[in-house]
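Q: Structure below; questions to follow.
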Amino acid sequence: MGKPNIVLSIEPTSRPFAPVGGGGDAKRAKRSVAEHAAKLSAELAHAAAEDKAAEARGGSYLTFTSAEGFDLEVDSLENKPGKIVVLNSSRDEKSGVMTATVFVPTKKSEFFSDRVAQYGDPAQKTKKGKPKNEKLVESIEAVKKASVRDLWDGPADEFPGALPKWCELWLDVFAVEYAELNLRLERACHEIGITLSKEELVFPEVAVRMLRADGSGLQRLFDDVGYIESIRPCGIPVSEITNLDARSQREFVNDMADRLSTELGDTSVCVLDSGVNRAHPLLAAVVDDESVLSADPAWSGLDVNGHGTEMAGVAAHGDLRRHFESRDGFLARHAVESVEILPPKGENEEHLYGAITHDAVYVAEIERPARRRAFCMAVTEGKEHEDGRPSAWSAEIDSLASGAGEDDDGKRLFLISAGNIQPSEFRNMDSYAECNMMHSVQSPAEAWNALTVGAYVGDDARIVERGAEGWHAAVEPGSLAPHSRTSVLWDGSWPIKPEICLVGGNVAADGFGNHMDVDDLGVLTTSKDIPRFYFDALHATSAATGSASWMAAEVMRANPSLWPETVRALLVHSARWTDQMKKDFLPDGDSTKTGRRNLLRSCGWGVPSLERALESLDNRVNLIVQREMTPFTEDGKLNEMHLYELPWPQEELLKLADKQAELRVTLSYFVEPNPSAWGRSTKFQYQSLGLSFQVNGSTQTADDLLRSVNKKARDEAGGDNGGNNGSVDWYLGQQMRDVGSIHSDFKVMSAAELANARYIAVYPVGGWWSHRLALRKAGCTVRYSLVVSIETPGVEADLYTEIVSKIPVSIATPVPGLA
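Quick note on numbering: the sequence shown equals residues 0 to 818 in numbering that gives the first Met the number 0.
So this is what it looks like as structure tokens:
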């Protein structure tokens, strides 16, 4: 029988912190000072003469490039007091050339010319005899007048031509007030004839507007408006719409409704989709009239599309077929809310989906402010993001999840589908796993703070459906679903997506390269088309996201004291890869870092278990810590780290000697996003901060662990590095796991080797809070959740009793489990 998880109220030891290791100056290309100064001076003069629009615009756009394989001193290109702003920066992966676009106001037009002249003047050398401004000037290979295409942040062939396209316009609002810049933008769009949407997203350093323009219109806008950070293509949002015949009749629904009882409490799943038909007998008891809402007051909230009602059925009841096949009663323990974010007709082409999502969240919260809810969204853009960089939509999700800028600092849990690969795309791939790895998740699923959900294949493999004779299930049970998208193609510094996988069904294949979705391989759910149909089939990552949201609500219901960060941590912590996943992504038992990376970035941490998330056993114990940290001082320096001594079953583990044991750690927190071009270029610019963890090695003391991760502790000990902390024993390792805002890893060793693993350090790493000091965020606190489990799989052991015996009653809170 399961035992309650344990939430520890222990206070960590806080220690002043500085990271171990070090950097050093970035490498720079070798330069002849006089020649280089003359070259850059001529290029700056040519750029100024060429820019005929500078005076009317109020400044110039310049593009700087580095030498191949070298870095630009991007920080030094910016001068905020002079309102000189780096708008965007990037690196070409093939050539290694860095590029940065900078806006220079007219009053500071000589800024770079002066610095190049100072660099080339022997009389202005530093006290060390080096040229003045050496780091900045020698990092620059070339400079030229920027063009509107230098601001285009999308595939080159998608830049608007003669026909207008919807685009996102990103404006830098740090140096210039948004109201002032927006007034100039609106005036310019009116004069040029550009359609400008009414929605806007405003972040600390950037604002986003959507407009519809052709190529010549964008050029004229570029000539009229300064501080345009970037122009991005807009993907058309799509949702998975199924319209399959249902084969069940009303009497089955009536029977199920008679067996359904409710204990809804104050927990809900809020489905952001196409609305809901709450008249369905299986939804009427969990979706009341006040829970049928819409992001746009002109919409009814009623589902004419079908997808929202299908999502609501899975979010409310989980595995509906289990209840259909059973004669037993079943219990709904959380409510469902629906906010319509897709219009009754057509698509929201002219809207920013970040703004619509923002409005939808507040509509639900205003209606019932006291509810604890998981937001469920299986609506994604049609375009994939191959590099993992955040979009305006995903940044708004991150902002909402983190509670950025809100007085009550409220946090929110979002579960978002990874997006689907269409069956027509399977034909030209050597394997389904290859197809998964070649298709990246769709926006907004790249959001750092969201729990992104992929799909895997359950046990259903039999097809008896009329019209599908001769077709078979494409992949083995336990496989990643052929539909499911991944983050394998992304740079390793961006988050792991998806984090978890739930059942999304299989796809049917005919053996000749053709594929299709069939009801038999889908997930049973509710249909909007009553009384004509009462059941429908939901497929792929939509079905998986509905199931994940149901599971999240169950965890929230079980213990209302758990933070959203903790609920996310428990779902990831409980996840395990299926044998088939490991077979597909670790071929021939490949345990190399490449194989493990493919497995992690395709399947996340695997399939979560509600039982493992909610309960402990005698030989498997989950310890939960929820704490706050102040990662930086107000002047942006690293501030503190936390060290815990956990109640640990040392005696029981030593008794087990060489029996196998597993230690698993998950660290979860929410970042405040900075979606400016700087933020989208590197994770350290996008995330407000990062956290990391380390556990002591088998022979380390608490002081040894401190010295292994903390330079200040190491210096106090005369340089002693603390010895081996066992970092190489983790399955994934720090480099692979410490991306995004949730980090989870495990190590399998003998019980005796893990008997001493009771010390754990949590410490900060960089983020924009520490260096964007003008935003006054450096002294802020961050919440984090830590889940630590010790398990002896297949071996009887009473770890739980020994742990409980070492916990003072005042610092332990049992977490209710399954009812």
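C-beta: ideal position from N, C-alpha, C; glycine also. Bear in mind the structure is a predicted one, so any value in this text is a computation, not a measurement.
1. Excluding sequence positions up to five away, which residues of its chain have a Cβ less than 7 angstroms from the Cβ of TRP576?
2. Under the three-state reduction of DSSP, which class applies to TYR685: helix, strand or coil?
3. For the putative contact between LYS144 and GLU49, defined by C-beta atoms under 8 angstroms, what is the C-beta separation to the nearest angstrom?
4. Which of the three DSSP states is assigned to ASP171 in this structure?
5. Note the first and the last residue of the continuous beta strand (DSSP E) segment covering PRO15.
6. Could you check what DSSP says for GLY119 in three-state terms: helix, strand or coil?
7. Alpha carbon to alpha carbon, what distance is there between ALA760 and LEU652?
8. What's the C-alpha gap between VAL456 and GLY503?
9. Near MET376, what residues of its chain come up, given a Cβ to Cβ distance below 6 angstroms and the 5 sequence neighbours on each side ignored?
10. Using 8 angstroms as the Cβ pair cut-off and three pairs as the minimum, do the segment 536-543 and the segment 366-375 touch?
11. In chain order, which continuous runs of the alpha helix (DSSP H) of length 4 or greater are located wholly inside the segment 761-803?
12. Would you decide whether ASN253 is buried or exposed? Buried here means 16 or more other CB atoms lie within 10 Å of its CB.
13. With a threshold of 7 angstroms on Cβ separation, who are the neighbours of LEU243 within its own chain once the five nearest residues in sequence on each side are excluded?
14. Please look up how many angstroms separate the CB atoms of SER290 and VAL335, rounded, as I've assumed it's under 8 angstroms.
15. Check HIS322 in the structure and name its three-state DSSP category.
16. The alpha helix (DSSP H) spanning LYS805 covers which residue range?
17. For TRP604, which three-state DSSP category applies?
18. Does the separation of the CB atoms of GLU661 and GLU790 fall below 7 angstroms?
19. Is TYR226 helix, strand or coil when you go by DSSP?
20. Buried or exposed: which applies to TYR821, given that a residue is buried once 16 or more other Cβ atoms fall within 10 Å of its Cβ?
21. Evaluate PHE820 with the Cβ neighbour count: other Cβ atoms within 10 Å of its Cβ, from every protein chain shown; 16 or more gives buried, anything less gives exposed.
22. Under 7 angstroms between the Cβ atoms of LYS711 and PRO15?
23. When you compare the CB positions of VAL275 and SER337, do they come within less than 7 angstroms of one another, or not?
24. Which residue's Cα is closest to the Cα of VAL694: GLY725, SER675, ASN720?
25. Take the Cβ of ALA155 as the centre, count every other Cβ of all protein chains shown within 10 Å, and call the residue buried at 16 or more, exposed below.
26. Can you tell me which of LEU170, ALA256, TRP549 puts its alpha carbon nearest to the alpha carbon of PHE221?
27. Under 6 angstroms Cβ to Cβ from VAL624, same chain only, skipping five residues before and after it: list those, please.
28. Between the Cα of LYS2 and the Cα atoms of ASP797, ALA122, GLU77, which residue gives the shortest distance?
29. Suppose you measure from the CA of ASP528 to the CA of ILE355; what does that come to, to the nearest Å?
30. Return the Cβ separation of ILE340 and VAL303 in integer angstroms, given the expectation that the two are a contact with Cβ distance under 8 angstroms.
31. Buried or exposed for ASP223, please, with buried defined as at least 16 other CB atoms from any protein chain shown within 10 angstroms of its CB.
32. Assuming VAL291 is part of the beta strand (DSSP E), what are its boundary residues?
33. Buried or exposed: GLU727, going by 16 or more other Cβ atoms within 10 Å of its Cβ?
34. Below 8 angstroms, how does it come out for the segment 196-215 and the segment 391-399: are there three or more Cβ pairs, yes or no?
35. Whole angstroms are fine: how far does the CA of ALA716 sit from the CA of CYS500?
36. Pop quiz: ALA331 and LEU263 are said to be a contact at Cβ under 8 angstroms. What is the actual Cβ separation, rounded to whole angstroms?
A: Working from what's here:
1. Against the sequence shown, residue 576 aligns to sequence position 577. If we look at TRP576 and ignore the five residues flanking it on each side, its Cβ neighbours are LEU598, CYS602, GLY605.
2. In the sequence shown, residue 685 corresponds to position 686, counting from 1. In this structure, DSSP gives TYR685 a helical state, which the three-state scheme calls helix.
3. Position 145 of the sequence shown, counted from the first residue, corresponds to residue 144. Position 50 of the sequence shown, counted from the first residue, corresponds to residue 49. Distance from LYS144 to GLU49 at the Cβ level is roughly 5 angstroms; contact confirmed, criterion being Cβ atoms closer than 8 angstroms.
4. Indexing the sequence shown from 1 puts residue 171 at position 172. Of the three classes helix, strand and coil, the one that applies to ASP171 here is strand, per DSSP.
5. Counting from one through the sequence shown, the residue named residue 15 turns up at place 16. It spans 12-15 - the beta strand (DSSP E) in which PRO15 sits, taken as one unbroken run.
6. The sequence position of residue 119 within the sequence shown is 120, counting from 1. Correct three-state label for GLY119: helix.
7. For the purposes of this step, residue 652 is identified with residue 653 of the sequence shown, where counting begins at 1. For the purposes of this step, residue 760 is identified with residue 761 of the sequence shown, where counting begins at 1. For LEU652 and ALA760, the distance between alpha carbons rounds to 22 angstroms.
8. Counted from its first residue, the sequence shown places residue 456 at position 457. Counted from its first residue, the sequence shown places residue 503 at position 504. Linking VAL456 to GLY503 through their CA atoms gives a straight-line distance of about 6 angstroms.
9. One-based indexing of the sequence shown puts residue 376 at position 377. Excluding sequence neighbours, MET376 sits near LEU271, ILE415.
10. no
11. 767-770
12. For the purposes of this step, residue 253 is identified with residue 254 of the sequence shown, where counting begins at 1. By the neighbour-count rule (16 or more Cβ atoms within 10 Å), ASN253 is not buried but exposed.
13. To locate residue 243, count along the sequence shown from 1; it is residue 244. For LEU243, the predicted model reports a pLDDT of 33, less than 50, meaning its position is unreliable; a value from the coordinates is still stated below. If we look at LEU243 and ignore the five residues flanking it on each side, its Cβ neighbours are ASP518, ASP535, ALA536.
14. Here residue 290 corresponds to residue number 291 of the sequence shown, with the count starting at 1. Here residue 335 corresponds to residue number 336 of the sequence shown, with the count starting at 1. Going by Cβ atoms, the distance from SER290 to VAL335 rounds to 7 angstroms, so yes, they are a contact pair.
15. Residue mapping note: residue 322 aligns to position 323 of the sequence shown, counting from 1. Here HIS322 sits in helix by DSSP.
16. Here residue 805 is taken as the residue at index 806 of the sequence shown, counted from 1. No alpha helix (DSSP H) holds LYS805; DSSP gives it neither H nor E.
17. Taking the sequence shown and counting its residues from 1, the one referred to as residue 604 is at position 605. TRP604 falls in the coil class under three-state DSSP.
18. Within the sequence shown, residue 661 is the residue found at index 662, counting from 1. Within the sequence shown, residue 790 is the residue found at index 791, counting from 1. It is a contact, given that the beta carbons lie within the stated cut-off.
19. As a working mapping, residue 226 is identified with position 227 in the sequence shown. Here TYR226 sits in coil by DSSP.
20. Because the chain here runs from 0 to 818, residue 821 falls outside it and cannot be looked at.
21. Nothing about residue 820 can be reported from this structure: the residues present for the chain run from 0 to 818 only.
22. Residue mapping note: residue 711 aligns to position 712 of the sequence shown, counting from 1. Residue mapping note: residue 15 aligns to position 16 of the sequence shown, counting from 1. Result yes, Cβ atoms of LYS711 and PRO15 sit closer than 7 angstroms.
23. Here the question's residue 275 lines up with position 276 in the sequence shown. Here the question's residue 337 lines up with position 338 in the sequence shown. It is a contact, given that the beta carbons lie within the stated cut-off.
24. Against the sequence shown, residue 694 aligns to sequence position 695. Ranking the options by Cα distance to VAL694, first place goes to GLY725.
25. For the purposes of this step, residue 155 is taken as the residue at position 156 of the sequence shown. So ALA155 ends up on the exposed side.
26. For the purposes of this step, residue 221 is identified with residue 222 of the sequence shown, where counting begins at 1. For PHE221, the nearest C-alpha among the options comes from LEU170.
27. Within the sequence shown, numbered from 1, the residue matching residue 624 stands at position 625. Same-chain partners within the cutoff: LEU7, LEU785.
28. Here the question's residue 2 lines up with position 3 in the sequence shown. Here the closest residue by C-alpha is ASP797.
29. Walking along the sequence shown from the start, residue 528 turns up at place 529. Walking along the sequence shown from the start, residue 355 turns up at place 356. When rounded, the distance between both Cα atoms is 26 angstroms.
30. Counted from its first residue, the sequence shown places residue 340 at position 341. Counted from its first residue, the sequence shown places residue 303 at position 304. Not confirmed; about 14 angstroms, so no contact.
31. Stepping through the sequence shown from its first residue, residue 223 is reached at position 224. The residue is buried, with at least 16 neighbouring Cβ atoms inside 10 Å.
32. Position 292 of the sequence shown, counted from the start, is the residue given in the question as residue 291. Counting along the chain, the unbroken beta strand (DSSP E) around VAL291 starts and ends at 291-293.
33. Sequence index remark: in the sequence shown, residue 727 carries index 728 (1-based). Here residue 727 is Val; the residue named in the question, Glu, does not match the sequence. So VAL727 counts as exposed.
34. Taking 8 angstroms as the limit for Cβ pairs, the verdict is that the segment 391-399 does touch the segment 196-215.
35. Here residue 500 refers to the residue found at position 501 when the sequence shown is read from its first residue. Here residue 716 refers to the residue found at position 717 when the sequence shown is read from its first residue. Roughly 46 angstroms between the two C-alpha positions.
36. Sequence index remark: in the sequence shown, residue 331 carries index 332 (1-based). Sequence index remark: in the sequence shown, residue 263 carries index 264 (1-based). Yes, ALA331 and LEU263 are in contact; Cβ-Cβ is about 7 angstroms, under 8 angstroms.
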